[in-house]
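Residue numbers (our numbering), protein chains in the order written: chain C, 81 to 531; chain S, 5 to 191.
To start, the structure under review is shown below, and the notes come after it.
This is how it looks when you write it as structure tokens:
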């Protein structure tokens with residue numbers, strides 16, 4: 081029930097309001113166009129003016145007849161005035177004018193009067209009018225004049241009534257349009273409020289989403305930390321257990337059977353324990369020193385030759401055995417100058433070489449190659465050792481991570497982690513490609529120009 | 005209604021005769037027509053229907069151009085079908101285009117702006133010269149094939165093509181429909 085109500089408020093109500101708004105706008109448009117049409121079609125023949133002119137022409141004819149009667153020599157033209165009067169009568173008997181006179185019930189009377197005026201034609205054709213003829217003309221015109229006076233007052237009344245009704249209609253139409261406008265305003269305000277609320281809701285949703293992402297991130301961090309501890313624990317348990325077992329065994333043997341041992345044997349046992357202790361110390365030291373190193377590491381950019389750096393590094397022979405052979409190649413035509421931190425680059429390469437040395441047999445040489453590729457200078461370290469299992473490749477650069485297959489080799493799982501961190505600092509790319517049982521290839525690619 | 009129609013027919017017949025007498029009387033008192041005034045315009049040989057005066061280049065009597073029915077008939081005839089404000093239905097009007105007449109009397113539309121149109125009933129109105137060059141304004145001599153008489157709206161009626169142009173259905177054009185037209189003064 082609550083869901084339906086919520087959906088109604090969120091979707092149906094704004095939709096209905098928008099629909100209402102459109103309907104109101106369309107209605108307003110129709111009302112306005114109706115008013116506009118009305119304004120155009122309202123213009124009609126001005127009956128007052130038509131009647132006034134008919135009246136005027138009758139007066140003018142009367143005037144001319146009178147002048148002719150008083151001064152037979154006067155230069156007047158009764159015939160023209162008679163024609164003009166007939167023209168006005170003709171006009172009154174035409175279309176819209178006729179209908180109007182019918183409406184105000186004066187048509188019959190007008191017909192009678194028109195007939196009477198028409199009867200005057202023979203008098204006006206003769207140039208000499210008798211007093212009796214003049215009197216008849218004047219009587220006829222006088223009656224017509226009276227009719228026109230009545231007609232004009234009625235025409236005025238009718239037209240004013242019509243005008244008033246038209247104004248009423250327009251006023252009503254305007255009032256209706258104003259009401260519609262108010263409706264439109266209310267709808268618009270409502271829709272605006274709905275929009276604002278929707279905007280706020282969407283912002284709130286966005287905030288909740290961000291919080292969720294943040295939470296997921298925190299969980300991920302926690303998971304990583306847990307993994308780190310697990311890796312650390314595994315590494316410690318593997319690396320520390322062997323020396324501790326050696327120390328323990330040597331010490332127990334010395335406690336139980338030292339009185340039967342030759343001094344040389346005692347010394348041998350003691351030395352074994354001492355070596356194991358040294359290895360432990362060394363392990364702890366390397367873990368701590370890596371942390372110290374990473375805490376202090378600083379970027380000092382300078383221009384240097386990668387070729388020279390690698391040559392110097394190989395000359396220092398940073399391997400466990402003098403037997404270790406390295407096969408170094410490089411493209412002689414390439415330019416190996418770049419901007420970077422040579423100390424950090426050297427540290428990475430020492431780590432890569434040290435790994436290759438540790439996990440490949442002495443009989444197999446390490447291949448080292450440097451080459452230029454587009455804007456990058458790359459250094460490849462390739463061994464033919466035991467390689468890395470595909471499942472472990474993703475974890476190889478994690479701190480304290482050590483492969484299940486290398487528990488026989490002493491290590492802390494820090495070297496590759498440090499190399500990867502330094503590569504990140506140098507904005508370099510460090511990748512690994514490996515096949516288990518065939519060997520690994522580590523490639524460090526450095527940009528020629530540091531940003 | 006039947007009565008009205010019979011009136012119309014009778015009046016037209018009677019007044020047609022009246023008109024002839026009237027014109028004889030009117031122009032008998034006028035001085036004899038002078039020879040054409042340095043102009044190609046012919047002189048009227050019968051009753052003058054229209055006088056054009058003012059800024060014109062071609063004249064035939066004094067500084068004016070006088071036209072009789074025959075002279076008007078010699079100009080190109082045009083037809084306009086339109087409603088009018090005072091009649092019912094579409095009417096057919098025949099006559100001459102005002103601008104054709106102006107061309108004959110040498111009116112320069114660039115130099116003139118107004119035409120004062122006067123009628124037998126002393127009605128007078130100003131018409132912008134542009135009207136005659138924007139619309140096909142007719143000086144009609146016939147309505148529905150019948151000659152316009154002074155007892156109706158003749159001899160000439162200014163007709164605008166009201167049905168052809170939306171803007172002509174306007175009260176400001178309605179007063180320019182001069183009937184009984186007998187004089188055009190060009191300004």
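Even glycine gets a Cβ: it sits at the ideal position worked out from N, Cα and C.
Counted as a single uninterrupted DSSP element, the stretch harbouring residue 443/C is not any alpha helix (DSSP H), since DSSP gives it neither H nor E.
Taking the CA atoms as reference points, residue 161/C sits about 28 Å from residue 87/S. Straight across, the Cα-Cα distance linking residue 187/C with residue 100/C is about 52 Å. In this structure, the beta-carbon distance from residue 225/C to residue 171/C does not fall below 8 Å. Under the DSSP assignment, residue 184/C falls outside any beta strand (DSSP E); it carries neither an H nor an E label. The Cβ atoms of residue 493/C and residue 480/C sit closer than 8 Å to each other. Around the beta carbon of residue 305/C, fewer than 16 other beta carbons sit within 10 angstroms, so the residue counts as exposed. Where residue 95/S is concerned, the enclosing beta strand (DSSP E) starts and stops at 95 to 101.
In the DSSP assignment, residue 162/S is bridged to 143/S.
Counting along the chain, no beta strand (DSSP E) covers residue 340/C, and no H or E run does either. Chain S places no beta carbon closer than 8 Å to that of residue 138/C, leaving this residue out of the contacts. Counting C-beta atoms within 10 angstroms of its own C-beta, residue 356/C has 16 or more neighbours from the protein chains shown and is therefore classed as buried. Below 8 Å, enough C-beta pairs join the stretch 422 to 435 of chain C and the stretch 457 to 471 of chain C to call them touching: three or more. Contact check between the stretch 153 to 160 of chain C and the stretch 187 to 196 of chain C: fewer than three CB pairs, one atom from each, fall below 8 Å, which does not count as touching. The C-alpha of residue 459/C is placed about 12 Å away from the C-alpha of residue 527/C. For residue 354/C, same chain residues with a beta-carbon under 6 Å away, outside a window of 5 residues either side, do not exist. Not a single C-beta of chain S is nearer than 8 Å to the C-beta of residue 227/C. Sequence-distant partners of residue 180/S (beyond 5 residues in either direction) whose C-beta falls short of 8 Å from its own C-beta, in its chain, are 121, 129, 131, 135, 162, 164. Residue 90/S reaches chain C at 125, 130, 171, 174, 175, 176, 177, counting residues in chain order whose Cβ is nearer than 9 Å. Note that the C-beta distance between residue 446/C and residue 406/C is below 8 Å. Contact check for residue 141/C against residue 205/C fails: the beta carbons are separated by 8 Å or more. For residue 52/S, the enclosing beta strand (DSSP E) covers residues 52 to 58.
Look at the beta carbons and you see the stretch 165 to 184 of chain C not touching the stretch 255 to 262 of chain C: under three pairs across the two are nearer than 8 Å.
CA-CA distance, residue 231/C to residue 183/S, rounds to 23 Å. For residue 170/C, the enclosing alpha helix (DSSP H) starts and ends at 158 to 172.
Assigned with DSSP and collapsed to three states, residue 328/C falls in helix. Just so you know, the alpha carbons of residue 350/C and residue 307/C end up roughly 37 Å apart. The beta carbon of residue 107/C sits closer than 8 Å to those of 260, all from its chain and outside the five residues before and after it, given in chain order.
Legend: CB atoms of the stretch 179 to 205 of chain C lying less than 7 Å from CB atoms of chain S belong to residues 191, 194, 198, 201, 205.
Within the stretch 219 to 251 of chain C, not one residue has a Cβ closer than 9 Å to any Cβ of chain S. With distances taken between CA atoms, residue 78/S lies nearest to 104/S out of 62/S, 104/S, 188/S, 58/S. Look at the beta carbons and you see the stretch 392 to 410 of chain C not touching the stretch 511 to 529 of chain C: under three pairs across the two are nearer than 8 Å. A contact is defined here as three or more CB-CB pairs under 8 Å, and the stretch 376 to 386 of chain C meets this definition with respect to the stretch 404 to 424 of chain C.
Contact with chain C is found for residue 184/S, since one of that chain's Cβ atoms lies less than 8 Å from the residue's Cβ.
Its Cα nearest to that of residue 323/C, the residue 487/C stands out among 487/C, 84/C, 135/C.
Under the Cβ distance rule, residue 155/S counts among the residues neighbouring chain C, one pair being separated by less than 8 Å.
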